[in-house]
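If you read the protein sequences in the order shown, they are chains A and B. Count along the first sequence starting at 1, add 91, and that's the number in the numbering used here. Count along the second sequence starting at 1, add 155, and that's the number in the numbering used here. Glycine is no exception: its CB is placed at the ideal position from the N, C-alpha and C atoms.
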Amino acid sequence: MFVIVAGGGKIGYYLTKALVKEGHEVLLLEKNPARAEQLAEDLGEVARQGDGCEMRIMREVGMARADVVAAVTGDDEDNLVICQMAQRHFHVPRAIARVNNPQNEETFRALGVKEVVSATSVIYNIVEQEVESGDVVPVTAIAGGRVEVVQVEVVQDSPVANKLVKDVPLPGECLLAAIVRGERILQPSMTTEILPGDTLVALVGPEDEHVLRQALASPKRK
Amino acid sequence: MRIVILGCGRVGSALALFMDREGHEVAIVDRDSSAFRRIPPGFKGQTIRGLGIDEAILRSAGIERADCFAALTNGDNTNIMAAQMAKVRFKVPRVVARVYDPIRAGAYHELGIDTLCTTVIGAGLIQDFLLERPWRSIEEYAKLVSLFEQ
Chain A
92 MFVIVAGGGK IGYYLTKALV KEGHEVLLLE KNPARAEQLA EDLGEVARQG DGCEMRIMRE
152 VGMARADVVA AVTGDDEDNL VICQMAQRHF HVPRAIARVN NPQNEETFRA LGVKEVVSAT
212 SVIYNIVEQE VESGDVVPVT AIAGGRVEVV QVEVVQDSPV ANKLVKDVPL PGECLLAAIV
272 RGERILQPSM TTEILPGDTL VALVGPEDEH VLRQALASPK RK
Chain B
156 MRIVILGCGR VGSALALFMD REGHEVAIVD RDSSAFRRIP PGFKGQTIRG LGIDEAILRS
216 AGIERADCFA ALTNGDNTNI MAAQMAKVRF KVPRVVARVY DPIRAGAYHE LGIDTLCTTV
276 IGAGLIQDFL LERPWRSIEE YAKLVSLFEQ
């Protein structure tokens, strides 16, 4: 694969290193000349100085030939423009954007950039997961934000503990995808019994998340 | 009309003043509160400190009921992003982004975002002044963008 990484901060640097190690053709673009020089000393000709938002630079580095563009600068507006230009002007099949303000995840999707990563959201979700065992925890959003993947750890006082799957009142737009029990991943059937200690993984539409919460979360977490 | 302006630089503050003096309802946003010093006293509009690519800030500027939106910060990408948020997320009827880079302005114009490249318009005006030619129309100046495309 030919991957263009825009933004030579820490994320861009380690991403480039990992991709090079895997044998991919990679080009790392960094706007700041001093930083670009530093990166070139370390990574060689893979790193070059240039503003990833500039059409001229995009042409020079062969954007039209790229399989993936990853825009990981520290500025959301730059990442948006890089991805939009890559997708719409150069027809790059995949454009991945880093967002710093988690609110911009939804904005980016609405503006046509579907693959969005927010470190803030990822860490936030982990923090939530740590403190709120027994709660329905959002893991990620898929299908352009139309489907939430959520998980819930079943505790003793969960309303679904020791119940059969068919007796759990799930909302209409919801799919119980898997039950993780110890090391095993079970495919739930109507007669599977849910046990304390299980982790349930479900797919749900954003509107039905609160219904799912009512059905699955332990009483003190609702 | 209700107008939301992003960026209180020379152009943003001037536009805010013009609109205010014509009786329109103006809200102007800038991330630096000292930028509002450019607005002369007597301005009846609203000033909001904050980032223009933050939905909460745009909402507090009343973008949900705005008739027009102008993105006039000194960052092309900020203007492009804010203009798209106004148009797509908030359905503001008339939206413009000032973009300095002629090529980027041309590319986004093709993608359906109204961009005004004051770089080529300014250069075209100066060229006509120097060569003592009559002024051209704005459309003709804007078309000069094509000279930058190979």
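Item                                                                                                                                                                                 : Value
With respect to the beta strand (DSSP E) encompassing A/Ser-209, which residues constitute its N-terminal and C-terminal limits?                                                     : 206-209
Assign B/Thr-228 to one of three DSSP states: helix, strand, or coil.                                                                                                                : coil
Residues of the stretch 221-244 of chain B with a CB closer than 9 Å to any CB of chain A: list them in chain order, please.                                                         : Gly-230, Asp-231, Asn-232, Thr-233, Asn-234, Ile-235, Met-236, Ala-237, Gln-239, Met-240, Val-243 and Arg-244
For A/Leu-303 versus A/Leu-261, is the C-beta spacing smaller than 8 Å?                                                                                                              : yes
Spell out a yes or no on whether the stretch 161-179 of chain A and the stretch 189-196 of chain A are touching, meaning 3 or more CB-CB pairs, one atom from each, closer than 8 Å. : yes
Using a Cβ cut-off of 7 Å, pull out every chain A residue sitting near B/Ile-203, in sequence order please.                                                                          : Neighbours of B/Ile-203 on chain A: none; closest Cβ ~17 Å, over 7 Å.
By a C-beta neighbour count over all protein chains shown, 10 Å radius and 16 as the cutoff for buried, is B/Phe-173 buried or exposed?                                              : exposed
Taking 8 Å as the CB-CB limit, is B/Leu-213 close to chain A?                                                                                                                        : no
What residue range does the alpha helix (DSSP H) around B/Ala-278 cover?                                                                                                             : 273-285
Is there at least one Cβ from chain B nearer than 8 Å to A/Met-91's Cβ?                                                                                                              : Residue 91 of chain A is absent from the model: chain A starts at 92 and stops at 313.
Can you tell me whether A/Lys-313 is helix, strand or coil according to DSSP?                                                                                                        : Residue confidence is low: A/Lys-313 scores 47 on pLDDT, short of 50, so the model does not pin down where it sits. No coordinate-derived value is stated.
Please state if the CB of B/Arg-253 and the CB of B/Asn-234 are separated by a distance shorter than 8 Å.                                                                            : yes
Run through chain A and tell me which residues come within less than 8 Å of B/Glu-210, C-beta to C-beta.                                                                             : Gln-194 and Thr-198
How about A/Arg-179: is its C-beta nearer than 8 Å to some C-beta of chain B?                                                                                                        : yes
Hey, could you find the ends of the beta strand (DSSP E) A/Ala-138 is sitting in?                                                                                                    : 138-140
Can you name the residues of chain B whose CB is closer than 9 Å to the CB of A/Val-172?                                                                                             : Asp-231, Asn-232, Ile-235, Met-236, Arg-259 and Tyr-263
Identify the continuous alpha helix (DSSP H) that holds B/Ile-268 and give its terminal residues.                                                                                    : First-last for B/Ile-268: undefined, no H or E at that position.
Taking one C-beta from the stretch 118-125 of chain A and one from the stretch 136-150 of chain A each time, how about it: are there three or more such pairs within less than 8 Å?  : yes
Would DSSP call B/Arg-288 helix, strand or coil?                                                                                                                                     : coil
What residue range does the alpha helix (DSSP H) around A/Gln-129 cover?                                                                                                             : 124-134
Measure the alpha-carbon distance for B/Ser-188 versus A/Tyr-105 and round it to whole angstroms.                                                                                    : 37 Å
Could you give the uninterrupted runs of the alpha helix (DSSP H) lying entirely in the stretch 199-223 of chain B, keeping only those of 4 residues or more?                        : 210-215
Note down, in chain order, every chain A residue with its Cβ under 7 Å from the Cβ of B/Leu-266.                                                                                     : Arg-179
With a cut-off of 8 Å, do at least 3 Cβ pairs link the stretch 262-277 of chain A to the stretch 156-169 of chain B?                                                                 : no
Does the Cβ of A/Asp-287 have 16 or more other Cβ atoms within 10 Å, making it buried, or fewer, making it exposed?                                                                  : Reading off the sequence shown, one finds Pro at residue 287 of chain A, where the question assumed Asp. Exposed is the call here.
Cα separation between A/Gln-305 and B/Ala-216?                                                                                                                                       : 36 Å
Relative to the alpha-carbon of A/His-182, which residue among A/Glu-196, A/Ala-109 and A/Gly-153 has its alpha-carbon at the smallest distance?                                     : A/Gly-153
Mapping DSSP to helix, strand and coil, what is A/Cys-174?                                                                                                                           : helix
Taking the DSSP output, what are the residues bridged to A/Thr-164?                                                                                                                  : Beta-bridge pairing links A/Thr-164 to no other residue.
Could you tell me whether any Cβ in chain B is nearer than 8 Å to the Cβ of A/Cys-265?                                                                                               : no
For A/Ala-201, which residues in chain B fall below 9 Å Cβ to Cβ?                                                                                                                    : Gln-239, Met-240, Val-243 and Arg-244
In angstroms with no decimal places, state the Cα-to-Cα distance between B/Gly-178 and B/Arg-157.                                                                                    : 10 Å
For a cutoff of 8 Å on Cβ pairs, would you count A/Asp-169 as touching chain B?                                                                                                      : yes
What's the C-alpha gap between A/Asp-226 and A/Lys-205?                                                                                                                              : 28 Å
Looking at B/Ala-226 and B/Ala-238, is the spacing between their C-beta atoms short of 8 Å?                                                                                          : yes
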